[in-house]
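Student: Take a look at the following structure, please.
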Amino acid sequence: MSHSTLVRSLAVFSCLVCLYEPVWAETTSGAFSNHTLVVLDLEMTGDLGDSSRNAEWEERRILASTALRTALDNRHAYAVADQAATLRAIDASGATPPFHACNGCELDVARSAHARYVLVGWVSRVSNLVLSLNLEIKDTADGRTVLRKGLDFRGDNDKGWLKAIDYFVKNFQ
274 MSHSTLVRSL AVFSCLVCLY EPVWAETTSG AFSNHTLVVL DLEMTGDLGD SSRNAEWEER
334 RILASTALRT ALDNRHAYAV ADQAATLRAI DASGATPPFH ACNGCELDVA RSAHARYVLV
394 GWVSRVSNLV LSLNLEIKDT ADGRTVLRKG LDFRGDNDKG WLKAIDYFVK NFQ
């Protein structure tokens with residue numbers, strides 16, 4: 274192939290890329306781009322026998338839930354639903370936690386908030402040292418799970434929880 278043929282081919286290719294770039298960007302920027310996502314507050318399961326820590330766990334659960342919403346919103350893979358709207362949708366649907374085990378009530382909440390997707394997450398506490406962050410994103414159109422992740426982490430403290438959230442968001446596909 275001569276140099277001039279190569280240059281012409283590259284020029285044609287570049288023009289085609291520029292012409293079709295908006296379509297390409299739309300289909301490759303993430304399967305969920307421009308869709309609203311309700312992010313429900315994280316829940317806790319497992320070893321919760323020490324009732325003296327309930328207030329601490331509640332604060333940590335809210336801290337991590339807020340961090341998850343903010344990080345996902347900053348990622349721009351979804352349009353994260355406003356938390357006030359989500360709380361109104363929970364009230365309107367009559368659904369009650371735990372959402373990860375409510376047989377579809379999380380879908381009703383997201384639909385009430387006019388969202389296409391819902392994220393349900395929970396932390397399984399095995400001990401003070403061993404925990405697992407579980408996250409599922411479901412499509413409200415058909416109830417199918419489009420993403421499921423489980424991350425083991427260490428440390429039942431703010432740092433451990435936030436590090437797990439950060440890892441999930443950074444490796445979010």
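First residue of the sequence shown: 274, per our numbering; consecutive thereafter.
Here a beta-carbon is modelled for each residue, glycine too, at the ideal position from N, C-alpha and C.
What are the complete alpha helix (DSSP H) segments, minimum 4 residues, inside the stretch 374-423?
Tutor: For the stretch 374-423, whole alpha helix (DSSP H) runs of length 4 or above, ordered along the chain, are 378-385.
Student: Does the distance from the CB of Leu-310 to the CB of Tyr-440 come in under 7 Å?
Tutor: No, the Cβ-Cβ distance between Leu-310 and Tyr-440 is not below 7 Å.
Student: Would you kindly check if the distance between the Cβ of Gly-394 and the Cβ of Leu-315 is under 7 Å?
Tutor: Yes, these two residues count as a Cβ contact at 7 Å.
Student: Runs of 4 residues minimum, wholly inside the stretch 302-351: which ones carry the alpha helix (DSSP H) assignment?
Tutor: Whole alpha helix (DSSP H) segments, 4+ residues: 327-348.
Student: Sort Leu-402, Gln-356, Ser-397, Val-396 by Cα distance to Ala-388 and report the nearest one.
Tutor: That would be Gln-356, whose Cα lies nearest to the Cα of Ala-388.
Student: So, do the stretch 398-408 and the stretch 312-327 have three or more beta carbon pairs nearer to each other than 8 Å?
Tutor: Output reads yes: the stretch 312-327 touches the stretch 398-408.
Student: Cα separation between Ser-302 and Leu-336?
Tutor: In this prediction, Ser-302 has a pLDDT of 38, which is less than 50 and means its spatial position is unreliable; what the coordinates show is noted afterwards. Going by the C-alpha atoms only, they are around 29 Å apart.
Student: What are the residues that DSSP puts in a beta bridge with Asp-425?
Tutor: Per DSSP, Ser-405.
Student: CB-CB under 6 Å to Ala-383, same chain, minus the five flanking residues each way: which ones, in chain order?
Tutor: Val-311, Val-391, Thr-413, listed in sequence order.
Student: Using a threshold of 7 Å, state whether the C-beta atoms of Ala-362 and Ala-344 are closer than that.
Tutor: Not a contact, by the Cβ cut-off of 7 Å.
Student: Would the beta-carbon of Leu-406 fall within 7 Å of that of Arg-427?
Tutor: No. Outside cutoff.
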